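A.B. asks: Provided herewith is a single structure, encoded as structure tokens, for subsequent inquiry.
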Amino acid sequence: MNAITGIAAEDLPAPAGAPILSVSGLRVSYGRIEAVRGVDLAVGAGEFVGIIGSNGAGKTSLLRAVTGVLKPAGGSVTFDGADTTGSGSHVMVARGLAMVPEGRMVFADQSVRDNLLLGAFTRIKADPQGVAADIDRMTRMFPRLGERIDQQAGTLSGGEQQMLAIARGLLSRPKLLVIDELSLGLAPKILDMLFPVLTQLNREGLSILLVEQMASYALAVTHRTYVMENGRVLFDGESKALAGDDRVLDAYLGRRGKH
Amino acid sequence: MEAVTQYLLTGLSVGSVYAMVGLGFYVMWTAAKAVNFNFGDIFMLGAVLTVVAIDQGIPLLPAAVLAVAAAAIAAAAIERGFVRPFNREANAIGWMLTTIAVGTMIESATTALFGSNPRGLPSPLAETPIRLGGAGIYPQELLLPVALIIVAVGLELFYRRTMLGRAMRAVAWNRTAAGLVGIDADRITLIAFGIAGVLGALAGLLIGPVVQASSTMGAVIGLKGFMVAIIAGIANARGVVIAGVLYGVAEKFIEGYLSTAARDAIGFTLMVLLLLLFPQGLFGRKEIKKV
């Protein structure tokens, strides 16, 4: 039994099996502006995948279409073997996809405990004991949350709110955890504590899709990385290999000339 | 002295009605950032449908329960048909028009079916007034503050202690984040309008025996309930309760010392002045301004 996600090892599909998430030809537009222009992407079961790219590359829009926050203008999303294109986010959570949104979006006017209970909204009726046990696990994983369990979430520091957002996401017992801009506004000291937690969760079998503007962090922790620019995937590859690739730097600095 | 007691007691009673209607606006607003502007019609349905059910030979209590349930369903149906489709975009205002339109339809239909004359709502608590500190008052009127306390405490417990209540607060805080933990925000909003419907209909049927049931009984009271919610700062439930009760008491004093005619003129003027002085409402928090 996985200590944190509560997933038993035998429940996990083989890492080399069918992808847990596959996205094909995905397009997102806001009125006449196209933010995502035909993206193909896959996350294998048990894989830790990163998406990097400069501000405005379309990373967040891509995630929002995958997690059902907005409807894509075209293309398809397949999650856990089912076509989920255009499904609402509450449906996706019930299917096993949880998202830690950009800016964390904790329920600031409710207690840390209530935020965690809300994270388990889709399963608390069926499994109240399991939820209570998972909340205990979260407070062991993030002791700071345990200390502040009855405090209003809005009074937490940025780092603590990010811990809460991750824990809240895990409480739905997802098959895939999608994280948007983990590092946003956080001190390096906090990041040095949060990234190893993600690595640990992944080792225990959780598939993770991480969007991150700080490429160095993303490349250090993920197996594979997609590099996005102007709403398209420029290229992807093993994160280790990409860490020394000049093309990554070029994508960030806009040195490809044509744009 | 007796007059003062009289004004206080009847004011407390009518103020409880404003507070309950105001709480209905609070519940709708927190979930949807929109309201049913003709919420007074749900209040009216609470009383009128009770009379209709009694006409069918149903005893008072089951008739009241049926009326509240039917009014709550109507309130939820208004959300589904006349608020949701017109509240899709941020800062949408179509729901203002559509809820007024459907409210006018409900009022006209009720006049056509129920008749234009007010009808009594028989209640054993509204037959003989009792004397209390020199004032005369129907026990029915004393029922209203009691109901208000039960409703307000119940609402507080619901929001803090139940999963549905937490989900409703989550939707109020951030609809996107609520969706991302698996909450169907549309469904929660529908339920919120139903709960608001229960509050409004309950207020209507409880005051019905004192003021009589009619198709137009909700118009001004709905407006006043909305007003006290705005004056309080619509996102503050306790503030709405206090503002509602105070407004009811103030009205009775104006009525008593000046005249019934002066009541609404002075009352509404007072509200406008208060809103000038406290644009966020008396108990409202300053909203974070986006630059």
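Chains as they are written, first to last, in the working numbering: chain A, 248 to 506; chain B, 112 to 402. A virtual CB, placed ideally from N, CA and C, is assigned to each residue, including glycine. None of the values given here were measured: they were computed from a predicted structure.
Would the beta-carbon of V474/A fall within 7 Å of that of V495/A?
C.D. replies: Numbered from 1 along the first sequence, position 227 holds the residue referred to as residue 474/A. Numbered from 1 along the first sequence, position 248 holds the residue referred to as residue 495/A. In this structure, V474/A sits near V495/A, with a CB-CB distance shorter than 7 Å.
A.B. asks: Enumerated in chain order, which unbroken segments of the beta strand (DSSP E) with a length of 3 residues or greater are wholly contained in the stretch 288 to 315 of chain B?
C.D. replies: none
A.B. asks: What residue range does the beta strand (DSSP E) around A400/A cover?
C.D. replies: Your numbering for residue 400/A matches position 153 in the first sequence. Where A400/A is concerned, there is no enclosing beta strand (DSSP E), given that its DSSP letter is neither H nor E.
A.B. asks: For L123/B, which residues of its own chain have a beta-carbon under 7 Å away from its beta-carbon, when the five flanking residues on both sides are left out?
C.D. replies: Along the second sequence, one-based indexing puts residue 123/B at 12. The answer, listed in chain order, is P256, V356, G359 and V360.
A.B. asks: Go ahead and pull the three-state DSSP assignment for M139/B.
C.D. replies: By one-based count along the second sequence, residue 139/B stands at place 28. In the structure shown, M139/B sits in a helix (DSSP, three-state: H, G or I).
A.B. asks: Would you please verify whether the beta carbon of E376/B is less than 7 Å from any beta carbon of chain A?
C.D. replies: Taking the second sequence and counting its residues from 1, the one referred to as residue 376/B is at position 265. Checking the displayed sequence, the identity of residue 376/B turns out to be Ala instead of Glu. It does not; no Cβ of chain A falls within 7 Å.
A.B. asks: Tell me, please, whether the CB atom of P196/B is closer than 7 Å to any CB atom in chain A?
C.D. replies: The residue labelled residue 196/B in the question sits at position 85 within the second sequence. P196/B does not count as touching chain A.
A.B. asks: Using the beta-carbon of each residue, which ones in chain B are nearer than 8 Å to P348/A?
C.D. replies: For this step, residue 348/A is matched to residue 101 along the first sequence. In chain order: T287, A288 and L291.
A.B. asks: Going by C-alpha to C-alpha distance, which of G392/B, A178/B, A303/B and G395/B sits closest to R191/B?
C.D. replies: Numbered from 1 along the second sequence, position 80 holds the residue referred to as residue 191/B. It is A303/B whose Cα lies nearest to the Cα of R191/B.
A.B. asks: Suppose you measure from the CA of K318/A to the CA of R420/A; what does that come to, to the nearest Å?
C.D. replies: To locate residue 318/A, count along the first sequence from 1; it is residue 71. To locate residue 420/A, count along the first sequence from 1; it is residue 173. Each residue's alpha carbon lies about 24 Å from the other.
A.B. asks: Listing by chain order, which chain A residues have their CB less than 7 Å from the CB of I294/B?
C.D. replies: Against the second sequence, residue 294/B aligns to sequence position 183. Within 7 Å Cβ-Cβ: H337 and F368.
A.B. asks: Can you tell me where the alpha helix (DSSP H) holding F337/B begins and where it ends?
C.D. replies: Position 226 of the second sequence, counting from 1, holds the residue named residue 337/B. Note, F337/B: alpha helix (DSSP H), G329 to A343.
A.B. asks: What does R230/B touch in chain D if you count any residue whose Cβ is under 8 Å from its own?
C.D. replies: Of the protein chains in this structure, namely A and B, none is chain D.
A.B. asks: Which same chain residues, not among the five before or five after A488/A, have their C-beta less than 6 Å away from its C-beta?
C.D. replies: Taking the first residue of the first sequence as 1, we reach residue 488/A at position 241. Excluding residues within five positions, none has a Cβ falling inside 6 Å.
A.B. asks: With 16 other CB atoms within 10 Å as the buried threshold, where does R271/B fall?
C.D. replies: Position 160 of the second sequence, counted from the first residue, corresponds to residue 271/B. Per the 10 Å Cβ criterion, exposed.
A.B. asks: Could you give the distance in angstroms between the alpha-carbon of L433/A and the alpha-carbon of G406/A?
C.D. replies: Indexing the first sequence from 1 puts residue 433/A at position 186. Indexing the first sequence from 1 puts residue 406/A at position 159. C-alpha separation (whole angstroms): 6 Å.
A.B. asks: Return the bridge partner residues of Q421/A from the DSSP annotation.
C.D. replies: The sequence position of residue 421/A within the first sequence is 174, counting from 1. The residue asked about is misnamed: residue 421/A is Pro in this sequence, not Gln. DSSP, once it has assigned bridges, lists no residue as partnering P421/A.
A.B. asks: Going by DSSP, name the residue or residues bridged to S234/B.
C.D. replies: The residue labelled residue 234/B in the question sits at position 123 within the second sequence. According to DSSP, which records beta bridges pairwise, S234/B is partnered with nothing at all.
A.B. asks: Between W140/B and chain A, is there a C-beta pair that is closer than 7 Å?
C.D. replies: Counting from 1 along the second sequence, the entry for residue 140/B is found at position 29. Taking Cβ atoms only, chain A never reaches closer than 7 Å to W140/B, which makes this a no.
A.B. asks: Quick check: the stretch 153 to 168 of chain B against the stretch 306 to 316 of chain B, are there 3 or more CB pairs under 8 Å?
C.D. replies: yes
A.B. asks: Can you name the start and end residues of the alpha helix (DSSP H) that L266/B belongs to?
C.D. replies: Translated into positions along the second sequence, residue 266/B becomes position 155. Looking at the DSSP string, the run of the alpha helix (DSSP H) that includes L266/B is P250 to R272.
A.B. asks: Please say whether R351/A and Q408/A have beta carbons closer to each other than 7 Å?
C.D. replies: Counting from one through the first sequence, the residue named residue 408/A turns up at place 161. Counting from one through the first sequence, the residue named residue 351/A turns up at place 104. In this structure, R351/A lies closer than 7 Å to Q408/A by Cβ.
A.B. asks: Looking at the structure shown, is V480/A part of a helix, part of a strand, or coil, going by DSSP?
C.D. replies: Position 233 of the first sequence, counting from 1, holds the residue named residue 480/A. Looking at V480/A - three-state DSSP - the assignment turns out to be strand.
A.B. asks: Of all the residues that make up the stretch 288 to 322 of chain A, which are near chain B by a beta-carbon distance shorter than 8 Å?
C.D. replies: Along the stretch 288 to 322 of chain A, going in chain order, the ones with a CB nearer than 8 Å to a CB of chain B are T314, G315 and V316.
A.B. asks: Given A114/B, which residues of its chain have a CB within under 7 Å of its CB, disregarding the five upstream and five downstream residues?
C.D. replies: Position 3 of the second sequence, counted from the first residue, corresponds to residue 114/B. Here A114/B has G367 as same chain residues with Cβ atoms under 7 Å from its own Cβ, once five neighbours each way along the sequence are excluded.
A.B. asks: Which value, in whole angstroms, describes the spacing of the CA atoms of I353/B and I267/A?
C.D. replies: Locating residue 353/B in the second sequence gives position 242, where the first residue counts as 1. Locating residue 267/A in the first sequence gives position 20, where the first residue counts as 1. The straight-line gap from Cα to Cα measures roughly 54 Å.
A.B. asks: Please state the DSSP three-state secondary structure of D375/B.
C.D. replies: Sequence index remark: in the second sequence, residue 375/B carries index 264 (1-based). If DSSP states are grouped into helix, strand and coil, D375/B belongs with the helices.
A.B. asks: Within the chosen definition, does the stretch 281 to 300 of chain B reach the stretch 208 to 226 of chain B through at least 3 CB pairs nearer than 8 Å?
C.D. replies: no
A.B. asks: Taking 7 Å as the threshold (beta carbon to beta carbon), is L201/B in contact with chain A?
C.D. replies: Counting from 1 along the second sequence, the entry for residue 201/B is found at position 90. Rather than Leu, the amino acid found at residue 201/B in this sequence is Ala. No, A201/B does not count as interfacial toward chain A.
A.B. asks: What residues of chain A sit near A281/B, judged by a beta carbon separation below 8 Å?
C.D. replies: Counted from its first residue, the second sequence places residue 281/B at position 170. The answer, in chain order, is F354, Q357 and L365.
A.B. asks: Any idea which residues DSSP pairs I241/B with across the strands?
C.D. replies: On the second sequence, position 130 is the one that residue 241/B refers to. I241/B is bridged to I248/B.
A.B. asks: Whole angstroms is fine: what's the gap from V320/A's alpha carbon to V275/A's?
C.D. replies: Here residue 320/A is taken as the residue at index 73 of the first sequence, counted from 1. Here residue 275/A is taken as the residue at index 28 of the first sequence, counted from 1. According to the sequence shown, residue 320/A is Ala rather than Val. For A320/A and V275/A, the distance between alpha carbons rounds to 5 Å.
A.B. asks: Could you check the C-alpha separation between P390/B and N198/B for me, to the nearest Å?
C.D. replies: The residue you call residue 390/B lines up with position 279 of the second sequence. The residue you call residue 198/B lines up with position 87 of the second sequence. Separation of P390/B and N198/B (C-alpha to C-alpha, rounded to the nearest whole angstrom) is 24 Å.
A.B. asks: Do you know offhand how far V262/B's Cα is from R384/A's?
C.D. replies: The sequence position of residue 262/B within the second sequence is 151, counting from 1. The sequence position of residue 384/A within the first sequence is 137, counting from 1. Each residue's alpha carbon lies about 37 Å from the other.
A.B. asks: Compute the distance between the beta-carbons of N477/A and R415/A, then report whether it is under 7 Å.
C.D. replies: Stepping through the first sequence from its first residue, residue 477/A is reached at position 230. Stepping through the first sequence from its first residue, residue 415/A is reached at position 168. Not closer than 7 Å, so no.
A.B. asks: Ends of the beta strand (DSSP E) at S323/A?
C.D. replies: Here the question's residue 323/A lines up with position 76 in the first sequence. First-last of the beta strand (DSSP E) with S323/A: G321 to F326.
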